[in-house]
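Beneath this line is the structure, given in structure tokens, with notes to follow.
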Amino acid sequence: MSLPTLHDFHRPLGNLGFKVSPLGLGTVKLGRDQGVKYPTGFTIPADDEARLLLAQARELGINLIDTAPAYGRSEERLGPLLRGQRDEWVIVSKVGEEFDNGQSHFDFSATHTRRSVERSLQRLETDRIELVLVHSDGNDLAILEQQEVYQTLAELKQEGKILGYGLSGKTVAGGLRALEHGDCAMVTYNLNEQTERPVLDYAAEHGKAILVKKALASGHICLASGVDPVQASFELLFAHPGVSSAIVGTINPLHLAHNVATVARILGRH
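UniProt numbering puts the first residue of the sequence shown at 1, with every later residue one more than the last.
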């Protein structure tokens with residue numbers, strides 16, 4: 001029996017003109033194991049394991065991959081791992097947060113934004129990144145109001161180096177502002193945390209893109225008892241018309257197949 005896949009369930013990423021799988025693969029665990037908030041420890045997979053995971057994701061119909069400079073070596077590993085298959089993937093990366101020696105620090109200046117995107121292009125061995133999000137430190141509105149970062153991303157979009165931009169934020173006000181002037185907001189939305197729902201509502205009304213982070217509460221949701229927490233989580237997400245895709249950062253092939261099967265079952269019923 002063949003495994004359920006997401007090939008038939010790709011949907012538009014807002015109005016950016018390309019389609020993405022309803023599940024995206026988060027790659028923090030390919031590059032960084034310090035300062036991460038998961039309930040259990042993990043080992044960063046070797047290249048062979050990572051290559052198998054990416055091949056499995058593709059076979060299961062996943063075409064969206066999420067990375068960031070703050071994810072340690074994630075970008076520089078993905079470049080070689082995705083050689084020869086660049087056109088199969090929609091890549092999301094970030095600007096604004098750097099992670100060095102176990103510490104995050106932030107820089108939203110025009111200079112850093114441009115340098116960061118140029119570096120991501122080099123690391124990922126590509127001539128364009130489909131979507132670049134501002135990696136907020138929590139002061140969403142302040143970051144967007146100083147305008148440098150969004151203005152620079154708009155210029156990079158005009159140059160064709162990125163195809164869209166937005167904010168990975170932490171507040172409703174930030175998410176709404178991000179969508180007014182950009183293409184996408186990445187929001188936290190799960191069984192425990194739904195305060196950013198107005199951002200999803202706005203996106204649905206205006207045809208903008210929403211990516212969901214912490215869809216399974218960084219794995220913590222899997223600790224609940226009774227109902228299948230993964231199914232309940234995805235039912236909540238995909239009941240909302242604003243959701244483009246949920247980013248799930250698993251390196252466990254079994255979890256990946258289970259997540260895909262669950263989402264395929266839910267979307268197959270709609």
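In this text, a Cβ means the ideal position worked out from N, Cα and C, and glycines have one as well.
Residue i in three-state terms, based on DSSP
| i | result |
| --- | --- |
| His-135 | strand |
| Ile-143 | helix |
| Phe-238 | helix |
| Lys-208 | coil |
| Lys-170 | coil |
| residue 272 | This structure cannot speak to residue 272, because the chain is shown only from 1 to 270. |
| Glu-97 | strand |
| Leu-216 | coil |
| Gln-85 | coil |
| Ser-2 | coil |
| Gly-24 | strand |
| Leu-64 | strand |
| Ala-70 | coil |
| Ile-266 | helix |
| Glu-118 | helix |
| Leu-124 | coil |
| Gln-151 | helix |
Chain-order list of residues whose beta-carbon lies under 6 Å from that of residue i (same chain, five-residue window excluded)
| i | result |
| --- | --- |
| Met-186 | Leu-133, Ser-168, Leu-211 and Lys-213 |
| Ser-245 | Val-20, Pro-22, Gly-24, Leu-64 and Leu-211 |
| Phe-99 | Ala-70 |
| residue 317 | Here the chain has residues from 1 to 270 only, and residue 317 is not among them. |
Own chain partners of residue i with C-beta closer than 7 Å, once the 5 adjacent residues on each side are dropped
| i | result |
| --- | --- |
| Arg-73 | Gly-31 |
| Leu-6 | Ser-21, Pro-22, Leu-23, Leu-60, Gly-61, Ile-62, Val-260, Val-263 and Ala-264 |
| Gln-56 | Pro-253 and Leu-256 |
| His-120 | Here residue 120 is Ser; the residue named in the question, His, does not match the sequence. Around Ser-120: Pro-69, Glu-75, Ser-93 and Ile-129. |
Contact belief for residue i with residue j at Cβ below 8 Å, rounded distance in angstroms
| i | j | result |
| --- | --- | --- |
| Glu-155 | Leu-124 | Their Cβ separation, rounded to whole angstroms, is 19 Å, which puts Glu-155 and Leu-124 out of contact at 8 Å. |
| Gly-26 | Gly-249 | 3 Å |
| Tyr-189 | Leu-237 | 6 Å |
| Gly-160 | Arg-115 | In fact, because the Cβ distance is near 18 Å, the residues do not count as touching under 8 Å. |
| Phe-18 | Glu-130 | 7 Å |
| His-135 | Glu-97 | 4 Å |
Below-8 Å beta-carbon distance, residue i vs any chain C residue
| i | result |
| --- | --- |
| Ala-264 | In summary, chain C is missing from the structure at hand, where a single protein chain is found. |
Local Cβ density within 10 Å of residue i, reported as buried at 16 or more and exposed below that
| i | result |
| --- | --- |
| Ser-2 | exposed |
| Asn-192 | exposed |
| Arg-77 | buried |
| Asp-66 | buried |
| Val-227 | exposed |
| Leu-52 | exposed |
| Tyr-38 | exposed |
| Gly-35 | exposed |
| Thr-113 | buried |
| Thr-152 | buried |
| Thr-126 | buried |
| Ser-104 | exposed |
| His-270 | exposed |
Residues that DSSP places opposite residue i in a beta bridge
| i | result |
| --- | --- |
| Pro-12 | Lys-19 |
| Phe-106 | Glu-97 |
| Thr-188 | Lys-213 |
| Tyr-165 | Val-132 |
| Ile-44 | Bridge partners of Ile-44: none, in fact. |
| Ser-245 | Leu-211 |
| Val-90 | Leu-64 |
Residues near residue i by beta carbon distance below 8 Å, same chain, minus five either side
| i | result |
| --- | --- |
| Leu-141 | Thr-171, Ala-173, Gly-174 and Arg-177 |
| Phe-42 | Lys-29, Asp-33 and Ile-251 |
| Gly-14 | Gly-164, Asp-183, Cys-184, Ala-203, Gly-207, Lys-208, Ala-209, Ile-210 and Ser-244 |
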